[in-house]
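Asker: Right, I'll just put the structure down here and ask away after.
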Amino acid sequence: MTIRTRKFFGTIALLVLVVVWSLLGMTIAQTPWLANSGLLQAIFYVVAGLGWVLPAMPIISWMSRPDRAA
12 MTIRTRKFFG TIALLVLVVV WSLLGMTIAQ TPWLANSGLL QAIFYVVAGL GWVLPAMPII
72 SWMSRPDRAA
């Protein structure tokens, strides 16, 4: 697979990841136990805001991998 193809599929994967992550975050943020606590909300939003980076890192490293020599 060429780097151009990997970047195409990686971009789609990253977009899907961000959409699913944000929808899941919005769903969890509406739960009563979280909505009633300011401290838990602050912790949740920091974790949710930075948490998508961990699953995105392998996708980005796969996308930027050089082509194999023919």
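To convert, count from 1 in the sequence shown and add 11; that's our numbering. Glycine included, every Cβ here is placed at the ideal spot set by N, Cα and C.
By DSSP, does MET37 sit in helix, in strand, or in coil?
Answerer: Helix, per DSSP.
Asker: Rank ARG79, SER72 and GLN41 by C-alpha distance to the C-alpha of GLN52 and give the top, closest one.
Answerer: Among ARG79, SER72 and GLN41, the Cα nearest to that of GLN52 is on GLN41.
Asker: Is the beta carbon of THR22 sitting closer than 8 angstroms to the one on ASP78?
Answerer: For THR22 and ASP78, no; Cβs fall outside 8 angstroms.
Asker: Name the two residues that bound the continuous alpha helix (DSSP H) containing ALA59.
Answerer: Per DSSP, ALA59 belongs to the alpha helix (DSSP H) from 49-62.
Asker: Using beta-carbon positions only, say whether LEU25 and ILE54 come within less than 8 angstroms of one another.
Answerer: Taking 8 angstroms as the Cβ cut-off, LEU25 and ILE54 do not qualify as a contacting pair.
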